[in-house]
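Shown next, in structure tokens, is the structure this report addresses.
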Amino acid sequence: MNPSVASLVPVLGFLSEPVSVAHYLVVGAILFVSGVACMAVKRNALGVLMGIELVLNGANVNFVAFASPYLQAEGGRSLGLDGQLIALFVILLAAAEAAVALAITLNFYNNHATVDVDRADDLKG
Amino acid sequence: MMAFVSGPTAVIEPLLGLGLALPVAGVNWHTFFFLLFAAVACGFAVAVVAADNVVRMALYLVLSLGATAGLFFLAGAEFVGAMQLMIYVGGTLVLLVFGVMLTAQAPFVSIKGSAGDRVLAGVVGAVLLAVLLQAALSVPAWRRPASGHVGQPAATPIGMALVGVRVDEPDPAAPAKNRRSGYLLPFEIVSVHLLVVLVGAAYLARAKRRKTPRAIEVAASVEPAASVAEHAAIGRDRPRGASVLAGGRS
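Top line first, the protein sequences correspond to chains A and B.
Per the numbering used here, the first sequence starts with residue 116, numbered consecutively.
Per the numbering used here, the second sequence starts with residue 3, numbered consecutively.
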């Protein structure tokens, strides 16, 4: 791109430069923080579950970014295939976790007629 | 600038004007689509936190995870991106949406937290985000742009790694302790784990058909509450007693 145009409009300059690992890390950080906030704020049990999914996805973005052959600088060390395989395992375990958490939520709903996690205080000491 | 005149921009230029048409020629499309998918993923992730309605949260989560799959494709992880779409968006989230539909009675569709909690979570989240961004941007090696090295499609090496053979080994002649390990054992553990978990989930969420005389008597004695509970109950299970019903409805 013409450097004078790039310097005039910073966003366009950003568009013309290649993506690095740090870009992906920023996306992963935003997903992770959204998930943590979601887990902390939501009172609906399913909202808490969605927060967990977001957190796992943020971690997955980081794994894939570090494993990516496209994003490595010259001579940089990459996680290689290991990162992608770990991301796959995370996806599978997230599916398992979602199934169990959903079953527990439905059971809780059957017994208490609500999904508000603040009402789940029967075991309070 | 003269170089841009030949090409598609020569047609667009008179229509859009100089300022809009010129930059198109210099755009790195990888970066463009990265920014597109990243904006969708992050924007809808924040929308999940901001939304109160649980049905909308589920929709925003679908869009956010779908855009994340796009990011995986852009990073060269085609297989992981496809699995993300099929397992996550196609499986896990459908499960979640079923959960939302089964429990989305009017009082529970939007349960609001207190304003103080939201402010506190916002502050803590902002601090956590600042720490993570500082860590992400502080390593120079992670900020260097890509070398343009093009990797091989990864489906075959992933499949071989899952049965315990690494075909992406940089040095096959290296001694065993320096070689990369296969993933046969984790693969088996995850398969059995998934089976056990799904059987357990089916057991936990099963419809209970057993009707004790006590439950029928309670259901008959509190008629309005029982109709609500009947509406709410999954399967044919009655809530355990009148006190639980009264507490649950407030």
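For glycine and all other residues, C-beta sits at the position ideal for the given N, C-alpha and C.
Asked	Found
Coarse secondary structure for B:N30, derived from DSSP in three states	coil
Coil, strand or helix - A:N225 by DSSP	helix
Chain A contact residues for B:A163, given Cβ-Cβ distances below 7 angstroms	L196, L200
Local conformation of A:G197 per DSSP, three classes	Inspection of the sequence shows that residue 197 of chain A is occupied by Asp rather than by Gly. Helix, per DSSP.
Host alpha helix (DSSP H) of B:R145 (start-end)	142–145
With 16 other Cβ atoms within 10 Å as the buried cut-off, status of B:Q136	exposed
Any chain A beta carbon closer than 8 angstroms to B:G72	no
Other residues of its chain near A:A160: CB distance less than 6 angstroms, five sequence neighbours each side excluded	T220, V230, V232
Neighbouring residues, chain B, relative to A:A155 (Cβ below 7 angstroms)	A123
Closest Cα partner of B:V126 within the set A:Y139, A:V136, A:M154	A:M154
Chain-ordered chain B contacts of A:V141 [CB-CB under 7 angstroms]	L135, A138
Interface residues of chain B facing A:V179 [CB-CB closer than 7 angstroms]	F74, A77, A79, V82
Where B:S1 falls: helix, strand or coil (DSSP)	One cannot answer for residue 1 of chain B here, as it falls past the ends of chain B, which runs 3 to 252.
7 angstroms CB neighbourhood of A:L140 in its chain, flanking five on each side removed	N177, A180
Chain-ordered chain B contacts of A:L208 [CB-CB under 8 angstroms]	V192, H195
Residue-level contact to chain D via CB, B:N30, 8 angstroms cutoff	Included in the structure are the protein chains A and B, with no chain D among them.
Proximity winner among B:V51, B:P142, B:A204, B:F189, relative to A:V156 (alpha-carbon distances)	B:V51
Separation of B:T33 from A:S131, as counted between CA atoms	7 angstroms
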